[in-house]
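**Q**
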Amino acid sequence: GENVEQHPSTLSVQEGDSAVIKCTYSDSASNYFPWYKQELGKGPQLIIDIRSNVGEKKDQRIAVTLNKTAKHFSLHITETQPEDSAVYFCAASISRNQFYFGTGTSLTVIP
Amino acid sequence: EAGVAQSPRYKIIEKRQSVAFWCNPISGHATLYWYQQILGQGPKLLIQFQNNGVVDDSQLPKDRFSAERLKGVDSTLKIQPAKLEDSAVYLCASSLIGRAPYFGAGTRLSVL
Numbered sequence: 001g002e003n004v005e006q007h008p009s010t011l012s013v014q015e016g017d018s019a020v021i022k023c024t025y026s027d028s029a030s031n032y033f034p035w036y037k038q039e040l041g042k043g044p045q046l047i048i049d050i051r052s053n054v055g056e057k058k059d060q061r062i063a064v065t066l067n068k069t070a071k072h073f074s075l076h077i078t079e080t081q082p083e084d085s086a087v088y089f090c091a092a093s094i095s096r097n098q099f100y101f102g103t104g105t106s107l108t109v110i111p
Numbered sequence: 112e113a114g115v116a117q118s119p120r121y122k123i124i125e126k127r128q129s130v131a132f133w134c135n136p137i138s139g140h141a142t143l144y145w146y147q148q149i150l151g152q153g154p155k156l157l158i159q160f161q162n163n164g165v166v167d168d169s170q171l172p173k174d175r176f177s178a179e180r181l182k183g184v185d186s187t188l189k190i191q192p193a194k195l196e197d198s199a200v201y202l203c204a205s206s207l208i209g210r211a212p213y214f215g216a217g218t219r220l221s222v223l
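In structure tokens, the structure reads:
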């Protein structure tokens with residue numbers, strides 16, 4: 001199956017700064033990359049996704065970029081706020097709706 | 112739109128006991144997943160259904176875990192007998208074909 005690596009495992013930023021989380025995948029056939037935010041005691045919540053025919057996608061303060069050649073994709077959060085503090089997971093999908101998850105990044109936004 | 116419903120939210124059992132979890136997916140979602148999430152790790156797929164059929168159960172420990180999806184809607188995941196290493200959060204998710212899964216709140220299982 002697909003192998004997804006995620007870095008960093010922990011990230012602390014000052015409120016208002018930007019945060020970047022990076023993921024790499026192993027199978028070049030992967031074509032769909034969702035990102036999730038998981039708050040304590042809750043299930044992962046889908047926040048943004050990107051397909052392999054698109055290089056970048058934005059939704060307000062969140063953006064995702066994809067480099068198919070290098071097989072990596074990144075989540076960018078601008079103007080971070082304390083409520084952005086959570087664990088973020090990337091995922092990659094090859095086919096048949098099968099999703100493989102990264103190991104997670106714990107983001108702390110310091111007020 | 113109602114989300115994915117799971118019950119119970121918490122369960123504490125002793126090793127070698129059995130336990131069952133229930134999931135009701137989002138209406139109209141053909142694909143249903145069960146994931147295991149151990150503390151500090153990402154979700155690991157246990158089993159994936161599309162309608163009534165199993166798409167992938169390669170990582171399901173079949174000697175102790177079983178799952179079914181009746182009539183292509185609700186699903187149950189059972190563990191019998193439980194081991195200490197089964198302590199985790201069990202997440203149910205559902206999706207439309209070709210779209211990312213939406214997760215329930217999960218069931219936190221503690222095996223003592």
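Residue numbers (the numbering used here), protein chains in the order written: chain A, 1 to 111; chain B, 112 to 223.
Every residue gets a Cβ at the ideal spot worked out from N, C-alpha and C, and that includes glycine.
Give, in chain order, every residue of the stretch 94 to 110 of chain A whose Cβ lies closer than 7 angstroms to some Cβ of chain B.
**A** Hits within the stretch, in order: R96, N97, Q98, F99, F101, G102, T103 and G104.
**Q** With 16 other CB atoms within 10 Å as the buried threshold, where does A:N123 fall?
**A** Only positions 1 to 111 of chain A appear in the structure, and residue 123 of chain A is not among them; the question remains open.
**Q** Quick one: which residues of the stretch 11 to 42 of chain A get their C-beta closer than 7 angstroms to a C-beta of chain B? List them in chain order.
**A** Going along the stretch 11 to 42 of chain A in chain order, one finds P34 and K42 with a Cβ nearer than 7 angstroms to chain B.
**Q** What would DSSP say about A:E83, mapped onto helix, strand or coil?
**A** Position 83 of the first sequence, counted from the start, is the residue given in the question as residue 83 of chain A. Correct three-state label for A:E83: helix.
**Q** Could one say the Cβ of B:A113 lies closer than 8 angstroms to chain A's Cβ atoms, at least one of them?
**A** Locating residue 113 of chain B in the second sequence gives position 2, counting from the first residue. Judged by the 8 angstroms Cβ criterion, B:A113 is not in contact with chain A.
**Q** Write down every uninterrupted run of the beta strand (DSSP E) in the stretch 115 to 148 of chain B whose length is 3 residues or greater and which is fully enclosed by it, in chain order.
**A** Listed in chain order, they are 116 to 118, 121 to 124, 130 to 135 and 142 to 148.
**Q** From the DSSP output, in three-state form, read off B:L181 for me.
**A** Taking the second sequence and counting its residues from 1, the one referred to as residue 181 of chain B is at position 70. B:L181 falls in the helix class under three-state DSSP.
**Q** Are the stretch 81 to 95 of chain A and the stretch 19 to 33 of chain A in contact at 8 angstroms, needing three or more beta carbon pairs?
**A** Touching, yes.
**Q** Tell me which residue opens and which closes the beta strand (DSSP E) that B:G164 is part of.
**A** Here the question's residue 164 of chain B lines up with position 53 in the second sequence. From DSSP, the beta strand (DSSP E) with B:G164 extends over G164 to D167.
**Q** Quick check: the stretch 69 to 88 of chain A against the stretch 32 to 42 of chain A, are at least 3 beta-carbon pairs closer than 8 angstroms?
**A** With a cut-off of 8 angstroms, the stretch 69 to 88 of chain A and the stretch 32 to 42 of chain A count as touching, because enough Cβ pairs lie within range.
**Q** Do A:P82 and A:P111 have their C-beta atoms within less than 8 angstroms of each other?
**A** For the purposes of this step, residue 82 of chain A is taken as the residue at position 82 of the first sequence. For the purposes of this step, residue 111 of chain A is taken as the residue at position 111 of the first sequence. It is a contact, given that the beta carbons lie within the stated cut-off.
**Q** Using the DSSP secondary-structure output, state which residues sit across from A:E5 in a beta bridge.
**A** Indexing the first sequence from 1 puts residue 5 of chain A at position 5. DSSP output for A:E5 lists A:T24 as bridge partner(s).
**Q** Quick check on A:E39: does DSSP put it in helix, strand or coil?
**A** Here the question's residue 39 of chain A lines up with position 39 in the first sequence. The answer is coil: DSSP assigns A:E39 none of H, G, I, E or B.
**Q** Could you check whether B:S177 and B:L143 sit closer than 8 angstroms to each other, using their CB atoms as the reference points?
**A** Translated into positions along the second sequence, residue 143 of chain B becomes position 32. Translated into positions along the second sequence, residue 177 of chain B becomes position 66. Contact flag unset, no.
**Q** Which one or two residues does DSSP pair with A:A92 in a beta bridge?
**A** Within the first sequence, residue 92 of chain A is the residue found at index 92, counting from 1. Looking at the DSSP assignment, A:A92 forms a beta bridge with A:Y100.
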